[in-house]
Ligand SMILES: NC(=O)c1ccc[n+]([C@@H]2O[C@H](COP(=O)([O-])OP(=O)(O)OC[C@H]3O[C@@H](n4cnc5c(N)ncnc54)[C@H](OP(=O)(O)O)[C@@H]3O)[C@@H](O)[C@H]2O)c1
């Protein structure tokens with residue numbers, strides 16, 4: 012296993028701390044980083060790791076610091092505000108860049124650096140957490156089973172709760188509506204519309220379209236031109252989303268409302284507790300079809316999303332240092348779709364263990380359709 016010399020930026024955030032602990036457990040000694048020395052020092056002392064306080068606005072210090080490392084793992088979000096300066100510093104320093112964004116605008120922006128990354132001999136791999144490692148690998152796996160697939164659907168059940176950082180990142184993008192891909196283009200739909208019934212390994216659920224990184228990453232790795240991602244919500248939240256979805260798009264287009272909501276989120280949302288992180292499971296499903304009517308589908312069961320992000324994130328560091336990929340890549344492009352099975356606690360199914368019925372019948376029951 013390659014451990015290398017790497018920097019973990021955003022180390023004292025909820026997910027940053029999980030990544031730091033998993034890194035140590037796997038024998039790594041990452042240098043911890045973040046913009047606040049006050050928050051970094053106690054963590055670095057507790058974990059007995061070196062640290063560097065680094066503001067993303069300080070371009071010179073950022074570039075000089077980053078150039079000394081083999082790889083930067085960026086865990087500070089919302090990434091719409093933090094990704095660009097770090098990617099540019101990594102390009103200048105020929106340092107691999109990994110992040111855990113789930114934000115479509117960031118995946119899209121990083122695609123524009125592909126050529127430069129290849130010239131510099133480094134990789135830009137966004138989404139090395141729960142969003143999008145399992146979905147990207149599963150989508151690639153099913154897409155490879157059908158000739159010229161034209162439609163891809165992805166379903167996710169992750170009901171153990173979110174961190175403040177994830178919720179704040181989601182609020183940044185609510186006003187843009189739900190993004191899907193149609194004929195190769197990103198298309199926006201109102202929030203809370205077009206529910207579907209989907210069968211997962213642990214049962215059947217109603218899911219709603221969601222803006223998931225795969226509308227870009229699955230397109231990049233499979234070339235399927237029509238992609239919709241779906242998420243299951245707890246029943247109460249599903250009702251709220253149905254009723255106030257379209258209104259929330261207007262509401263959160265105001266920066267003042269967004270910032271007030273984000274301040275509230277920081278106070279009341281603390282992320283899933285340790286016991287939940289170690290016991291909850293997530294369910295995933297991917298389905299493809301082509302114009303001849305051929306279909307393929309598969310399912311995954313994984314550990315809880317934040318625990319998964321720590322497990323997958325550190326393994327992505329190891330794989331990057333071992334394989335030395337180049338360019339802007341998705342996790343499945345960089346490491347292969349079978350990489351998913353390297354993550355502990357992950358099981359993939361080609362058939363539902365409890366039925367041999369096709370998921371298509373469940374999908375056909377849906378009254379609405381996005382197509
Ligand atoms: N892909 C996935 O599956 C996945 C999984 C988990 C998390 N995430 C994403 O990762 C991000 C962090 O999540 P979290 O749970 O760790 O949230 P969190 O606990 O709120 O931590 C956010 C971190 O980002 C830092 N940060 C925010 N804005 C910054 C800026 N402008 N400059 C420098 N540092 C900045 C914060 O530092 P300060 O305290 O100094 O502000 C803090 O260290 C979110 O965007 C979340 O959506 C993705």
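Numbering (this note's numbering), first residue to last: 12 to 382.
Glycine included, each C-beta is placed from N, C-alpha and C at the ideal position.
**Message:** I'd like the list of long-range same chain contacts for residue 314, defined as Cβ closer than 6 Å, with 5 residues on each side in sequence excluded.
**Reply:** Start at 1 with the first residue of the chain shown, and residue 314 comes out as number 303. Here the set comprises 356.
**Message:** Suppose you measure from the CA of residue 335 to the CA of residue 134; what does that come to, to the nearest Å?
**Reply:** Counted from its first residue, the chain shown places residue 335 at position 324. Counted from its first residue, the chain shown places residue 134 at position 123. Computed Cα separation, rounded: 8 Å.
**Prompt:** Which one or two residues does DSSP pair with residue 391 in a beta bridge?
**Reply:** In this structure the chain extends from 12 to 382, so residue 391 is not present and cannot be described.
**Request:** For residue 16, collect the residues of the same chain with a Cβ closer than 7 Å to its Cβ; drop the 5 residues on either side in sequence, then sort them by chain order.
**Result:** Position 5 of the chain shown holds residue 16. Within the same chain, Cβ atoms closer than 7 Å to the Cβ of residue 16 are found at 80 and 81, the five residues on either side in sequence being excluded.
**Request:** Could you give the DSSP three-state label for residue 37: helix, strand or coil?
**Result:** On the chain shown, position 26 is the one that residue 37 refers to. Residue state, collapsed to three classes: coil.
**Prompt:** Excluding sequence positions up to five away, which residues of its chain have a Cβ less than 8 Å from the Cβ of residue 158?
**Reply:** Locating residue 158 in the chain shown gives position 147, counting from the first residue. Hits under 8 Å: 301, 303 and 305.
**Asked** For residue 165 versus residue 240, is the C-beta distance shorter than 7 Å?
**Response** Translated into positions along the chain shown, residue 165 becomes position 154. Translated into positions along the chain shown, residue 240 becomes position 229. Cβ atoms of residue 165 and residue 240: closer than 7 Å.
**Request:** Output the distance between the C-alpha atoms of residue 26 and residue 299, rounded to the nearest integer angstrom.
**Result:** Reading the chain shown from its first residue, position 15 is the one you call residue 26. Reading the chain shown from its first residue, position 288 is the one you call residue 299. Approximately 32 Å, taken between the alpha carbons.
**Prompt:** Less than 7 Å separating the beta-carbons of residue 321 and residue 19?
**Reply:** In the chain shown, counting from the first residue as 1, residue 321 sits at position 310. In the chain shown, counting from the first residue as 1, residue 19 sits at position 8. One thing to note: residue 321 has its Cβ no nearer than 7 Å to the Cβ of residue 19.
**Message:** DSSP three-state label for residue 207, please.
**Reply:** Position 196 of the chain shown, counted from the first residue, corresponds to residue 207. Of the three classes helix, strand and coil, the one that applies to residue 207 here is strand, per DSSP.
**Asked** Which same chain residues, not among the five before or five after residue 194, have their C-beta less than 8 Å away from its C-beta?
**Response** Mapped onto the chain shown, residue 194 falls at position 183. The residues are 236 and 237.
**Asked** So, are the CB atoms of residue 294 and residue 312 less than 7 Å apart?
**Response** Within the chain shown, the letter at position 283 stands for residue 294. Within the chain shown, the letter at position 301 stands for residue 312. Against a cut-off of 7 Å, the Cβ pair of residue 312 and residue 294 comes out as a contact.
**Asked** With respect to the alpha helix (DSSP H) encompassing residue 70, which residues constitute its N-terminal and C-terminal limits?
**Response** Here residue 70 refers to the residue found at position 59 when the chain shown is read from its first residue. From DSSP, the alpha helix (DSSP H) with residue 70 extends over 70 to 78.
**Item:** residue 196 in three-state terms, based on DSSP
**Value:** By one-based count along the chain shown, residue 196 stands at place 185. Here DSSP, grouped into helix, strand and coil, assigns residue 196 to strand.
**Prompt:** CB-CB under 8 Å to residue 203, same chain, minus the five flanking residues each way: which ones, in chain order?
**Reply:** For this step, residue 203 is matched to residue 192 along the chain shown. So the qualifying residues of the chain are 219, 252, 253, 254, 255, 256 and 257.
**Prompt:** Who are the near neighbours of residue 174 in its chain, counting only those whose CB is closer than 6 Å to its CB and skipping five residues on each side?
**Reply:** Walking along the chain shown from the start, residue 174 turns up at place 163. Once the five neighbours on either side are set aside, the close Cβ partners of residue 174 are 25 and 282.
**Request:** Give me the Cα-Cα distance between residue 188 and residue 214, rounded to the nearest whole angstrom.
**Result:** Against the chain shown, residue 188 aligns to sequence position 177. Against the chain shown, residue 214 aligns to sequence position 203. Taking the straight line from one Cα to the other gives about 28 Å.
**Message:** Closest to residue 95 by C-alpha separation, out of 70, 76, 75 and 150, would be which residue?
**Reply:** The sequence position of residue 95 within the chain shown is 84, counting from 1. With distances taken between Cα atoms, residue 95 lies closest to 70.
**Request:** Would you identify the three-state DSSP class for residue 221, choosing helix, strand or coil?
**Result:** Along the chain shown, read from residue 1 onward, the residue named residue 221 stands at position 210. DSSP places residue 221 within a strand segment (E or B) once states are collapsed to three.
**Asked** Smallest Cα separation from residue 365: which of 351, 211, 289 and 89?
**Response** Position 354 of the chain shown, counting from 1, holds the residue named residue 365. With distances taken between Cα atoms, residue 365 lies closest to 211.
**Asked** If you measure from the CB of residue 93, is any heavy atom of ligand 1 nearer than 6 Å?
**Response** For this step, residue 93 is matched to residue 82 along the chain shown. Flag set: Cβ of residue 93 near ligand 1.
**Message:** Tell me whether residue 4, by its Cβ, gets closer than 6 Å to a heavy atom of ligand 1.
**Reply:** This structure gives no information on residue 4, because the portion of the chain shown stretches from 12 to 382.
**Message:** Which residues does DSSP list as the beta-bridge partners of residue 166?
**Reply:** To locate residue 166, count along the chain shown from 1; it is residue 155. According to DSSP, residue 166 bridges with 241 and 296.
**Message:** Restricting to Cα atoms, I'd like to know which of 145, 179 and 64 is closest to residue 275.
**Reply:** Looking up residue 275 in the chain shown gives position 264. It is 179.
**Asked** Would you report the Cα separation of residue 143 and residue 223, rounded to the nearest angstrom?
**Response** Taking the first residue of the chain shown as position 1, residue 143 is located at position 132. Taking the first residue of the chain shown as position 1, residue 223 is located at position 212. Whole-angstrom Cα-Cα distance: 8 Å.
**Request:** With a 10 Å radius around its C-beta and 16 neighbouring C-beta atoms as the bar for buried, classify residue 271 as buried or exposed.
**Result:** Locating residue 271 in the chain shown gives position 260, counting from the first residue. The residue is exposed, with fewer than 16 neighbouring Cβ atoms inside 10 Å.
**Asked** Hey, out of 176, 247, 317 and 225, whose CA is closest to residue 278's CA?
**Response** For the purposes of this step, residue 278 is taken as residue 267 along the chain shown, with counting starting at 1. For the residues 176, 247, 317 and 225, the minimum Cα distance to residue 278 belongs to 176.
**Item:** Which of helix, strand or coil DSSP assigns to residue 371
**Value:** As a position in the chain shown, residue 371 is number 360, starting the count at 1. Low confidence applies here, because residue 371 scores a pLDDT of 44, under 50, leaving its location unreliable; read the following figure in that light. Residue state, collapsed to three classes: helix.
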